[in-house]
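Read the structure below first, then the notes.
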Amino acid sequence: MKITELQSEILRLKKEQDVCILAHSYQTREITEIADFTGDSFALSVKASKVPNKTVIMCGVRFMAETVKLLSPEKTVYLSNPVAGCPMAEQMDKEMIAAFKQQNPDYTVVAYINTTTDLKTVCDVCVTSSSAVNIVKKLESKNILFIPDCNLGSFVAKQVPEKNIKLMQGGCPVHAAVPYSAVEEAKRLHPDALLLVHPECVPKVTAAADYVGSTSGIIDYAMNSDAKEFIIGTEIAIASHLQYECPDKKFYTLSKELICPNMKSTTLVDVYNILKGRGGEEITLDDETMQKARVCIDKMIELG
Ligand code: 13P
Ligand code: SF4
0 MKITELQSEI LRLKKEQDVC ILAHSYQTRE ITEIADFTGD SFALSVKASK
50 VPNKTVIMCG VRFMAETVKL LSPEKTVYLS NPVAGCPMAE QMDKEMIAAF
100 KQQNPDYTVV AYINTTTDLK TVCDVCVTSS SAVNIVKKLE SKNILFIPDC
150 NLGSFVAKQV PEKNIKLMQG GCPVHAAVPY SAVEEAKRLH PDALLLVHPE
200 CVPKVTAAAD YVGSTSGIID YAMNSDAKEF IIGTEIAIAS HLQYECPDKK
250 FYTLSKELIC PNMKSTTLVD VYNILKGRGG EEITLDDETM QKARVCIDKM
300 IELG
């Protein structure tokens, strides 16, 4: 079957079954084309909570599907490919964080949204890469433990020097692997391009950027800028999507290694199979876990 034929069949089945399809912006073009909404993980969860559809398919990674379920417990939520996890989301041990909180009651534990629902149950507030600085600024506590991403955490610490921010050794294996030499090489090849970087990259890379922000922040910045050339320091899908959106501008990826294998594991066939009743994984979370994890999500909504 041709890609376009499969896409048409998915669109037909989706309409017939009244299903909402979400695609994180790191998904391939063929997936974003069949989605009702494309964006970052939290924005997608909010969108899904506002649509009337009772079934939602998340094309992204597991913590994203879990966030959709947390915001819409009454909906049936599928993760399109069950092997798609985010390694960073699973880096911290829940018991260790709970013990830290007990020993350091004056610390507020801030969890990046890229964490499991189970880990969120012992954290105080969630943040996304776009809301982290703003939310940490607003917290009452001076002492903060920021988990799991030490690169995003150190970016936040630089913007909010009035807080005492403790970090742990976690991070995104894809973004954190980009060496500073990639910046030197990309700038040598494209001296007129602006460098836009995700805060999951190491501090030496973010320090060299013209703009540091979330995936949606990078997309908005590039689309609204008068500049004509951009080096994109996040998953390669973003440079590709931007190139379709702005054909008169030029987009280069900071490194050809910036490919998230988990994000890329979802295929059109995965989505098709769910609609045929034979694939994906339905997300199930017990009520107590959902209630506890909602506390830090609700705090993020209140402060964000
Ligand atoms: P955003 O929240 O910026 O979309 O990031 C999600 C992610 O997984 C980044 O690697
Ligand atoms: Fe996780 Fe990094 Fe992939 Fe984002 S790019 S889903 S943080 S592994």
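In numbering that gives the first Met the number 0, the protein residues as written are 0 to 303. Even glycine gets a Cβ: it sits at the ideal position worked out from N, Cα and C.
The ligand SF4 heavy atom lying under 7 Å from the CB of residue i
{"i": "Pro-246", "result": "no"}
Proximity to residue i [Cα-Cα], best of the options
{"i": "Pro-198", "options": "Phe-36, Thr-75, Leu-5, Thr-127", "result": "Thr-127"}
{"i": "Lys-13", "options": "Lys-46, Ile-56, Thr-3", "result": "Ile-56"}
{"i": "Gln-90", "options": "Asp-123, Lys-141, Thr-116", "result": "Thr-116"}
{"i": "Leu-193", "options": "Ser-215, Leu-166, Gln-102, Ser-224", "result": "Ser-224"}
{"i": "Ser-40", "options": "Ala-64, Glu-29, Glu-287", "result": "Ala-64"}
{"i": "Ala-110", "options": "Val-121, Asn-103, Lys-263, Pro-202", "result": "Val-121"}
{"i": "Ile-237", "options": "Asp-247, Ala-226, Ile-296, Cys-259", "result": "Cys-259"}
{"i": "Met-262", "options": "Pro-104, Gly-84, Thr-288", "result": "Gly-84"}
{"i": "Gly-38", "options": "Leu-241, Val-294, Thr-214", "result": "Thr-214"}
{"i": "Asn-133", "options": "Cys-149, Tyr-106, Glu-161, Leu-118", "result": "Glu-161"}
{"i": "Leu-28", "options": "Gly-169, Ala-176, Thr-265, Thr-114", "result": "The sequence shown places Arg at residue 28, rather than the Leu named in the question. Selected option, being the one with the closest Cα: Thr-265."}
{"i": "Thr-205", "options": "Leu-43, Asn-163, Ile-164, Leu-253", "result": "Leu-253"}
{"i": "Phe-36", "options": "Val-45, Leu-21, Gln-26, Ile-30", "result": "Leu-21"}
{"i": "Ile-235", "options": "Leu-267, Ile-96, Gln-26, Ala-208", "result": "Gln-26"}
{"i": "Phe-145", "options": "Pro-172, Thr-107, Glu-228", "result": "Thr-107"}
{"i": "Gly-278", "options": "Pro-81, Lys-46, Phe-62", "result": "Pro-81"}
{"i": "Gly-232", "options": "Gly-212, Cys-245, Asp-219", "result": "Gly-212"}
{"i": "Ala-175", "options": "Lys-165, Cys-149, Lys-186", "result": "Cys-149"}
{"i": "Val-268", "options": "Ile-30, Glu-73, Pro-178, Val-177", "result": "Ile-30"}
Closer than 7 Å: residue i CB and nearest the ligand 13P heavy atom
{"i": "His-240", "result": "no"}
{"i": "Ser-128", "result": "yes"}
{"i": "Ser-40", "result": "yes"}
{"i": "His-197", "result": "yes"}
{"i": "Ser-264", "result": "no"}
{"i": "Ser-213", "result": "yes"}
Beta-carbon separation (whole angstroms), residue i vs residue j, contact threshold 8 Å
{"i": "Ala-53", "j": "Asp-92", "result": "This sequence places Lys at residue 53; Ala is not what is there. That pair is no contact at about 36 Å."}
{"i": "Ala-221", "j": "Leu-188", "result": "No, Ala-221 and Leu-188 are not in contact; Cβ-Cβ is about 18 Å, not under 8 Å."}
{"i": "Ile-9", "j": "Leu-274", "result": "6 Å"}
{"i": "Leu-78", "j": "Glu-280", "result": "5 Å"}
Legend entry - Touching by the beta-carbon criterion (3+ pairs, under 8 Å), the stretch 171 to 189 and the stretch 154 to 163: no
Inset, instruction - Specify which residues have a beta carbon nearer than 7 Å to any heavy atom of the ligand SF4, listing them in chain order. - result: Taking each Cβ in turn, the ones that pass are Tyr-25, Val-60, Cys-85, Pro-86, Met-87, Ala-88, Asn-113, Cys-171, Pro-172, Val-173, His-174, Glu-199, Glu-234, Cys-259, Asn-261, Met-262.
Inset, instruction - Flag this pair as touching only if the stretch 35 to 51 and the stretch 245 to 258 have three or more C-beta atom pairs under 8 Å; answer yes or no. - result: no
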